[in-house]
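Numbering (full-length UniProt numbering), first residue to last: 1 to 1221.
Given below as structure tokens:
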């Protein structure tokens, strides 16, 4: 019989945990044996055992701890564990497996952590399981063998603990099967959709195939959202709404990612259809009257895309607990990487949509006046700016970003020939990245402003409120529970009252969570009102407390609750709650709770460590380190002041209100709505009463912070696009071969890499050096503070202060307050005597034993000081330990001073943030500046080359060639000199060649003329000879012969006249002149001239807009007439001539095709078509095509033909296009 999956999963997980537990116990025993060996050799020192301890270790002798290996609290140090063999121990600080080892009077206990429980949940502390033993999450650890739970035992078979397996983990097999089925179904569905799409595309139904694919994907996405998949099946963190939830369409981070992937697919599908249906050609063919409307629509559409992008960014910042502001956190987690990846996908999709809009705009702007687009852009920007200012989010920055984008696009549309297509694409992607990064930075700026405003309002409400209404309500509830607590009542009876236990129980059980912001103390009194703390003889009685505090001004609405406020300190709050505890025999005891609103040191992280935060997401441990209690800025930079009748009455914080803030601003309504910026600070006013105003101030979010976020997003998007481009090139390697940049592009690419790579290396090197310097300076600062504290405490050695614990506590607190540090004082045995922050040790964050590494360094190696890195939860901090010696005598060690700097990591992070953001800003600005510089540099470097290329294009043997003037002595100068020298040689060769050609031409002309004249002269001679013979023979038909022969002679003489006229025209053709000609209009006129439906049908496909070239207009018209006439005459008499005339253009050339339906040109005469005097017709001189070829080539173009026997001939012409404004 097979085992059900649930039980199979339980058994498998139990076996795995048992195996790992045995391995840990084996390592602990080996560690104990190593320590035992050192103890037997007499090496009873910290230095001998610390490097050998993997697990926390305590070594007892005579029921006292003599050696320890860690600084974390694990158990009650005063009680030696009563264990003879491996067992399970649960303490206030967690659960452990303890491996005991006894030797020569020493008792070694190795603690294997199972669960660490600080009993506080916040950004730094949380209950954690041992990752070494528990690879999968479990619900809990139970030490009751009677429960029906999987049991873990020692290698000897002794019960240790039971595990309550996580339900999700137990059902893991079923969930895995369900997830695999779901993924397989989705994969099959998507593949089926793609296959159907490909089939339709192969049949030429591009729109149907692509739209069907998109509809199927959208339906799939809606179904996943409707059934909350895959989160219903598996509690994957990525799809958990507790991590991110924006709306019903984006209920989780994973759903947001799927939505963006779908958006990207839509974008790519749009581009595919854009090219497949050749929308550019269709736009060119559309009537011009719709162009302006389409361009305006494209501009407005991009503005809307930017607004959607802004809302997308704002939604992420608002709905995610992650701190995405680079000015506040440099920490990267997997969720941050996922979020930035989602942003990148959205930016790529935006790039696709923007590409289509800008392409349409650029094509249509070619037909418009260059100033019209700017006027429309300004009108749109002005209207949208007004709408944006009136909206709640005030997205006016988006309008400015969109206007900047369109200004660049319009400018580039008017100078399209400046870049190659590949480089234009690169610059376009760069521009889109800039737009997306700017929008993201602006959205973060607006989110910060709104959040700060809300926080200041909440903060002001707390300050203005004189009493804590919620706290008073909770105090009444707490008082009732304490009075009814049977254990407390029992401990208060009897001759010996366990005051420390009662205080500890009240503090840990009843005064937590909400009351963390108060410093609490508990006073115990008997039925006569005397203090129950026998050690403190100076304590006030209950009657003395009541006389001091039970006054009309201190009484509240609640019974036995007094509120004391200090007039010298605004918002001071001291509560006294009197609790009557009924005891036996009608007696009663009294517990007094004192709650003083904390005013903590500005550089202390203790309140953050000890404050409780309710975290519903136990799996988000990597996020907890980033939460800052919803504070959008640093609290230590916050200041506030009270103004009464516009006069300063009270202030708190670093800001100097009396000097810097003009009270006149307090009277403006804007001061209470959006606040007021003055210098580097932002002030926000809240009405606190009649003629009373509370002003809350913090450093404003400057342009530097906006630039930092822009730089960060710009760089990660650039890196993302590079990776995306590399993946595309790996997929389509033909793109690499097709990439053939021109010389200007090569210069820009090489200059970019040549400048930016060193800049990157220098930035990294500087950042490393400055970081090391920051760390060193920070450590020096800590050591200097420690030395000052050491000197103050050393002066107290041997005095009565050390003998009186209360006095010592008071002096320690004074020194800590002056030095703005926390101080821990240990005796010579390493045990804690007193501390300025007792809550740290009461909460179990640190052990009451000094750090063993500090003990080893100071006590055993006589170190003057030691700086160590320690951890409390997941907070890493530095601590300085110094010895206390009488008269600085190394042999008289009296104790240790420990100074933890809980904010050390935070201070270093702030410096690193400032350094890295500055480096990023410099790098990004330099990158953009160098992009512009390299563009202008490449243009400047290639100007002589372009001039030279232009001159080379115009260099000919017939025209006049001009020399280049270039004063540089560089390689280009050498090239220019060689060009000029070539022109001189060419000119001399041209003169020689002209003479030779003239002689050859005359010879050829004479031969051609002789040949042409000889043909009509022969029949003329024969006719005359025949006539002469007829006359001599006196034939009767002489007159008829004379008439007939005369007619023949006249015909032949006309032929000779035509020949003479043709050759005269050819030799006397004027030199072609270059002028701007609308070739489309010229071709259209020629086609209309020859279009006679009775004799020939001419079909013309000529665009309506102007197509300008540089040519001789009369020669061009003659060329078109000759070609059209030849085409008509080339059609056999058995067919009706059908001539097709087509004109189209690209970015550089205009293409003209004249196609007939004749018989084609035979192969044997194709080489002679453009030769002067060659003709296949009975009439004509054969110079028409020669004249056409000469005219086209003089205009810088080409003419050739393609022929197919029996189907016809196509004459093709290309001419250089002239771009004009």
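We treat Cβ as the ideally placed atom computed from N, Cα and C, and that holds for glycine.
Item	Value
Collapsed DSSP secondary structure at residue 1042 in the structure displayed	helix
Close beta carbons around residue 53, own chain, < 7 Å, minus the five adjacent residues each side	31 and 69
Between the CA atoms of residue 1195 and residue 415 - distance to the nearest angstrom	23 Å
Inter-residue CB distance, residue 344 and residue 717 (contact presumed, cutoff 8 Å)	6 Å
Identified DSSP bridge partners for residue 682	677 and 698
DSSP-derived helix/strand/coil call for residue 969	coil
Same chain, Cβ closer than 7 Å to residue 50, neighbours up to 5 away in sequence not counted	69, 852, 853 and 856
Every unbroken beta strand (DSSP E) inside the stretch 1113 to 1142 [3 residues or more]	none
Cβ pair count under 8 Å reaching 3, the stretch 430 to 442 against the stretch 348 to 360	yes
Nearest neighbour of residue 749, chosen from 37, 1155, 233 and 934 [CA to CA]	934
Length of the line joining the Cα atoms of residue 572 and residue 819	23 Å
N- and C-terminal bounds of the alpha helix (DSSP H) containing residue 399	396 to 413
Alpha carbon of residue 100 to alpha carbon of residue 20, nearest angstrom	19 Å
Integer-rounded CB distance, given that residue 1109 should sit under 8 Å from residue 1258	Since the first residue of the chain shown is 1 and the last is 1221, residue 1258 is not available in this structure.
Contact under 7 Å by Cβ, residue 710 with residue 437	yes
DSSP three-state assignment for residue 617, whether helix, strand or coil	Low confidence applies to residue 617: its pLDDT is 35, below 50, so where it sits in the model is not reliable enough to give any reading.
Backbone secondary structure at residue 1222 - three-state DSSP	In this structure the chain extends from 1 to 1221, so residue 1222 is not present and cannot be described.
Residue 42 classed as buried or exposed, judged by whether at least 16 other C-beta atoms fall within 10 angstroms	exposed
7 Å Cβ cutoff met for residue 1056 and residue 1086	no
Environment of residue 105 [buried if 16+ CB atoms lie within 10 Å]	exposed
Nearest to residue 95 (by Cα), restricted to the options 102, 84, 697 and 76	76
DSSP-derived helix/strand/coil call for residue 691	coil
Closest by C-alpha distance to residue 25, when choosing among 15, 64, 86 and 11	86
Cβ-based neighbour list, residue 713, same chain, cut-off 6 Å, excluding 5 preceding and 5 following	437 and 440
Boundaries of the alpha helix (DSSP H) in which residue 1087 is found, first to last residue	1079 to 1090
Where the alpha helix (DSSP H) containing residue 709 begins and where it ends	703 to 731
Alpha-carbon to alpha-carbon, residue 406 and residue 202	37 Å
Pairwise C-alpha distance: residue 850 and residue 827	9 Å
Which of helix, strand or coil DSSP assigns to residue 1255	In the structure as shown, the chain begins at 1 and stops at 1221. Residue 1255 is therefore absent and cannot be evaluated.
Three-pair Cβ contact test at 8 Å for the stretch 305 to 325 versus the stretch 392 to 405	yes
Beta carbon of residue 913 nearer than 7 Å to that of residue 444	no
Residue burial classification, residue 490 (beta-carbon count within 10 angstroms, cutoff 16)	exposed
Outcome for residue 398 when other beta-carbon atoms lying within 10 angstroms are tallied against a minimum of 16	buried
Residue 580 to residue 593 span [Cα, whole Å]	11 Å
Cut-off 7 Å between Cβ atoms - residues of its own chain near residue 560, not counting five sequence neighbours on either side	577 and 578
Proximal residues to residue 1045 (C-beta, below 8 Å), its chain only, five neighbours per side dropped	1023, 1024, 1026 and 1027
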